Amino acid sequence: MEPSELQFRKYLLKHFNLVTPEYEMNFRITHAREGNYDFTAADEICRFAKKHGLEVRGHNLVWHAGLPTWVNDPKITSEQLRIILKDHIQTTIRHFKVRYPSLIRSWIVVNEAIEEDGSFRKSPFTRIGNSPDEYIKLAFVWAHEADPSAILIYNEKHAEGINPRSNAVYELLKKLLSEKIPVNGVGLQLHVRIDEFPPPAEVMENMKRLDNLGLQTTITELDVRLPKKDFATRQALEKQASIYEGFVNSCTKQKSCKDISMWGFTDLHSWVPNYFKGDWGAALPFDDRYRPKPAYYSIMKTLTKNSAR
Ligand code: XIL
125 MEPSELQFRK YLLKHFNLVT PEYEMNFRIT HAREGNYDFT AADEICRFAK KHGLEVRGHN
185 LVWHAGLPTW VNDPKITSEQ LRIILKDHIQ TTIRHFKVRY PSLIRSWIVV NEAIEEDGSF
245 RKSPFTRIGN SPDEYIKLAF VWAHEADPSA ILIYNEKHAE GINPRSNAVY ELLKKLLSEK
305 IPVNGVGLQL HVRIDEFPPP AEVMENMKRL DNLGLQTTIT ELDVRLPKKD FATRQALEKQ
365 ASIYEGFVNS CTKQKSCKDI SMWGFTDLHS WVPNYFKGDW GAALPFDDRY RPKPAYYSIM
425 KTLTKNSAR
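Each residue of the sequence shown is one higher than the one before, counting from 125 in our numbering.
What follows is the structure, given as structure tokens:
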């Protein structure tokens with residue numbers, strides 16, 4: 125969630141009941157200087173959400189990206205970094221818990237800790253522990269300490285179908301659970317391309333195996349990007365609609381899948397054009413003038429059909 129314009133707010137309130145700060149809770153924003161926290165931007169979202177009865181999902185507490193440069197200072201010892209990360213996690217959770225009781229019911233605690241080949245990503249936080257997953261475990265333990273009632277989520281990209289990365293996520297979570305680490309769910313980001321996306325049946329299979337471990341699943345950042353030449357072609361927009369439909373359907377049919385979030389809703393405010401330098405865009409169900417695209421109608425149809433069952 126982001127802009128302050130009236131139309132954005134109007135559409136948001138008409139269609140959604142859960143919001144996720146896109147970047148306002150990133151470490152580099154909330155903790156730009158060591159020990160100096162600034163939650164102004166995220167507070168604005170929380171105030172708005174509270175006023176209008178929306179739930180907020182915290183995003184995120186530990187991520188290799190979105191960091192201020194000071195975190196990478198080699199002069200910080202691993203023991204100091206451990207204290208810094210614990211303080212970051214707990215100060216952040218407690219800030220929102222105290223100010224807006226029960227507004228944030230779930231936190232993305234760790235984001236994108238695994239590489240495409242299934243190995244652990246080398247994160248600036250890896251050196252906190254003796255094994256590559258130690259900082260991940262500690263993050264969940266610290267988060268649980270700060271808010272024992274929050275749903276704690278591990279979130280990953282391109283780990284939605286069955287592939288080496290999602291297999292590694294599965295194994296990691298299985299291990300954490302066997303060690304009684306307080307983790308409750310897995311977030312499937314689902315940033316996909318119109319010509320490259322996991323088959324919805326595979327996404328369901330992945331959700332099912334996580335469910336069998338006793339974990340919730342959630343679609344956290346869905347968007348379906350189009351190449352520049354296809355931003356407005358009928359065929360591409362219809363294909364996009366059917367891709368959205370497939371994923372919404374997988375979640376609504378899988379009882380462990382609790383909710384679906386998109387990474388924005390209007391092409392006017394989307395991370396895609398910026399991140400992919402204009403080569404990709406038009407990833408969301410409303411266009412840049414807030415007009416519903418075929419994807420909007422296919423999502424609504426799927427939600428209505430499945431909720432009527
Ligand atoms: C993106 C935000 O949308 C941008 O505004 C920011 O500059 C970079 O991050 N996976 C994630 C999100 O988990 O945090 C990313 O969000 C998109 C990819």
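Every residue gets a Cβ at the ideal spot worked out from N, C-alpha and C, and that includes glycine. Given the structure is predicted, the values throughout are model-derived calculations rather than measurements.
Taking buried to mean at least 16 other C-beta atoms within 10 Å of its own C-beta, is residue i buried or exposed?
i      : result
Leu262 : buried
Glu148 : buried
Val222 : exposed
Arg349 : buried
Gly311 : buried
Lys401 : exposed
Asn68  : Nothing about residue 68 can be read from this structure; the chain reaches only from 125 to 433.
Glu236 : buried
Asp319 : exposed
Thr201 : exposed
Ile207 : exposed
Pro272 : exposed
Ala325 : exposed
Thr144 : buried
Leu334 : buried
Glu284 : buried
Lys304 : exposed
Asp403 : exposed
Asn196 : exposed
Asp162 : exposed
Asn336 : exposed
Leu296 : buried
Thr390 : buried
Thr164 : exposed
Leu185 : buried
Thr357 : exposed
Ser230 : buried
For the alpha helix (DSSP H) that residue i lies in, which residues bound it at each end?
i      : result
Trp266 : 258 to 270
Thr154 : 151 to 154
Ile286 : No alpha helix (DSSP H) contains Ile286, which DSSP labels as neither H nor E.
Arg206 : 202 to 223
Arg133 : 130 to 139
Leu361 : 358 to 377
Ile305 : First-last for Ile305: undefined, no H or E at that position.
Arg333 : 324 to 336
Lys175 : 164 to 176
Pro68  : Missing from the structure shown is residue 68; the chain here goes from 125 to 433 and no further.
Just checking my contact of residue i with residue j at CB under 8 angstroms: how many whole Å lie between their CB atoms?
i      : j      : result
Leu427 : Thr376 : 7 angstroms
Tyr278 : Val233 : 7 angstroms
His188 : Ser247 : 4 angstroms
Phe410 : Tyr135 : 7 angstroms
Gly182 : Ile228 : 5 angstroms
Pro192 : Ala156 : 5 angstroms
Gly242 : Arg289 : 6 angstroms
Lys382 : Gln313 : Wrong, their Cβ atoms sit about 15 angstroms apart, outside the cutoff.
Ser422 : Glu369 : 4 angstroms
Ile153 : Leu205 : With 8 angstroms as the limit, Ile153 and Leu205 do not qualify as a contact, their Cβ atoms being about 19 angstroms apart.
Gln359 : Ala419 : Not a contact, Cβ separation roughly 13 angstroms.
Gly388 : Lys352 : About 18 angstroms separates the two Cβ atoms, so there is no contact after all.
Met331 : Gln378 : 5 angstroms
Lys417 : Leu361 : 6 angstroms
Leu276 : Pro323 : Wrong, their Cβ atoms sit about 29 angstroms apart, outside the cutoff.
Ala270 : Gln214 : 4 angstroms
Phe371 : Leu346 : 6 angstroms
Provide the residue(s) that pair with residue i in DSSP beta bridges, ordered along the chain.
i      : result
Phe410 : Thr390, Pro416
Thr342 : Gly311
Asn235 : Trp187, Asn279
Leu350 : Gly405
Leu142 : Glu179
Glu320 : Arg317
Arg157 : Asn160
Ser230 : Arg181, Ile275
Ile384 : Ile343
Phe244 : Ile238
In terms of residue numbering, what span does the beta strand (DSSP E) encompassing residue i cover?
i      : result
Leu185 : 179 to 187
Asn196 : Element bounds for Asn196: n/a, residue is neither H nor E.
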